[in-house]
Amino acid sequence: MGDPAVIAAIEAALAADETNVVLRCHLAALLAEAGRHAESLAHAARVLQQEPGHPGAERLAGAASAALGLPGATPPADPPPPGPSVDPRHPSTFEPPPLPEPPTTPPVPLPVSSDGAVPDTADELLDRWEDSDALTEIDIGQLTTPGVRLADVGGMEDVKRRLELSFLAPLRNPELRAQFGKSLRGGLLLWGPPGCGKTFVARALAGELGASFYEVGLSDVLDMWIGSSERNLHAIFDTARRNRPCVLFFDEIDAIGQKRTQLRGGGGAMRGVVNQFLSELDGAGTDNDGLFVLAATNHPWDVDPALLRPGRFDRMLLVLPPDPPAREAILRLHLRGKPTDALDLGRLVRATEGLSGADLALVCDHATERAMAASLDAGVVRPIRQADLDDAVRHVRPSVEPWLDTARNFAVYGNESGAYDELLTYLKRRRR
């Protein structure tokens with residue numbers, strides 16, 4: 022047990038030298054032996070304020086906390102203030118130095134055993150944490166098995182035919198592919214106005230190929246730390262190669278692969294991302310066979326030209342607003358399972374020329390809300406009627422019009438390579 026005379030002598034010595042950590046730890050140990058756990062905890066807390074993480078003080082604080090029935094091993098944030106001390110040189114004027122402010126957030130408590138002892142060594146610490154859950158690496162993007170095929174895409178026969186020639190026919194005819202030396206690698210850029218099903222088409226292509234669908238968004242690639250975005254991009258391609266055959270789909274490719282001539286000032290860090298993208302597409306030192314890289318963008322004119330060269334995204338496929346068969350299929354999909362009267366979908370299809378798939382979904386939502394409101398007023402279920410859909414069509418404006426206005430300038434004045442020929446044909450057909 023701690024000798025009271027020794028304890029009193031050490032307290033007197035600490036009064037003259039309050040910063041003596043070794044002496045204060047020894048005093049806390051003697052107080053603990055004497056059963057004076059509250060005082061022992063107070064002195065251990067003073068040491069931890071001076072030297073956070075001090076192993077001896079943490080052990081003493083944990084033991085005292087356990088003896089007092091306090092939870093955990095963390096010392097109290099506001100320990101009792103020390104008694105007045107006297108400077109032997111100036112006993113009437115000496116003031117103790119102010120204590121440092123306690124941290125605004127409490128420290129993370131160390132793992133404490135059943136007897137309240139804090140681990141002294143790294144081995145003891147690892148033993149205490151042996152049964153805790155290990156940290157897992159954050160996954161990048163979503164790797165799924167698509168449940169749709171091209172047959173589930175209504176209309177869009179031109180798009181399906183291009184996909185058949187570019188991807189499906191070589192895969193289904195391996196002998197013919199070998200004779201012509203056709204590789205199972207390639208890049209396809211889906212472009213067009215927003216809300217027209219570019220992502221759905223990419224997912225359906227993966228289902229047709231029997232391949233994994235690896236969807237990657239802008240937030241999965243870009244990172245605030247320099248070099249992290251390039252590492253993310255490399256990890257994404259490595260994951261796709263390990264899961265071949267795989268359709269690797271990048272959404273908003275214009276943001277990831279922006280023209281390097283536009284990256285000035287603060288955007289200079291993005292040049293490394295574009296360069297890394299080019300390296301992964303070329304497959305230098307790697308094998309991209311069986312890896313199908315697809316991307317989607319609403320602004321192909323902002324994509325770096327190097328990404329569109331042969332061997333990279335060398336094929337571009339325009340995905341326009343749905344044609345009549347596609348519009349009918351979309352309307353049927355969004356009305357499926359809902360109470361409806363006999364509907365003239367043919368008339369509705371003719372009235373929705375120029376609407377995107379997202380616009381058609383909004384038409385069905387508006388008609389559903391109108392039928393639900395009528396049902397609440399009547400007290401009985403009133404099905405969706407033709408008038409509900411006709412009224413919804415009148416109130417939904419085509420969301421693709423602003424995009425077409427912008428794209429028309431590039432198609433008319435910036436089509437030296439012929440990349441926008443399909444768009445020009447569509448605009449002439451609509452007489453824009």
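Residue numbers (the working numbering): 22 to 453. Note that beta-carbon positions come from the ideal geometry of N, C-alpha and C, so glycine has one too.
| Check | Outcome |
| --- | --- |
| Own chain residues within Cβ distance below 6 Å of residue 211, not counting five before or after | 219, 317, 338, 340 |
| 6 Å CB neighbourhood of residue 273 in its chain, flanking five on each side removed | 239 |
| DSSP beta-bridge partners of residue 212 | 318, 339 |
| DSSP-derived helix/strand/coil call for residue 230 | helix |
| Buried/exposed call for residue 246, threshold 16 Cβ in 10 Å | exposed |
| CA-to-CA distance, residue 243 to residue 380, given in whole angstroms | 30 Å |
| Terminal residues of the alpha helix (DSSP H) in which residue 369 lies | 366 to 372 |
| Bridge partners - residue 324, DSSP secondary structure assignment | 279 |
| Which of helix, strand or coil DSSP assigns to residue 180 | helix |
| Other residues of its chain near residue 385: CB distance less than 7 Å, five sequence neighbours each side excluded | 352, 355, 356 |
| Sub-8 Å separation of residue 209 and residue 298 beta-carbons | no |
| Rounded C-alpha distance that separates residue 12 from residue 194 | The structure shown has nothing for residue 12, since the chain only spans 22 to 453. |
| Helix, strand or coil at residue 157 according to DSSP, with G and I counted as helix | Unreliable positioning characterises residue 157 in this predicted model, as indicated by a pLDDT of 39, which lies under 50. The coordinate reading is nonetheless provided below. In this structure, residue 157 counts as coil in the three-state DSSP scheme. |
| Simplified DSSP state of residue 446, which is helix, strand or coil | helix |
| Contact the region 169 to 181 vs the region 265 to 285: 3+ CB pairs below 8 Å | no |
| Through-space distance from residue 291 to residue 11, alpha-carbon basis | An answer regarding residue 11 cannot be provided, because it is not within the stretch 22 to 453 covered by the chain. |
| Three-state secondary structure assigned by DSSP to residue 441 | coil |
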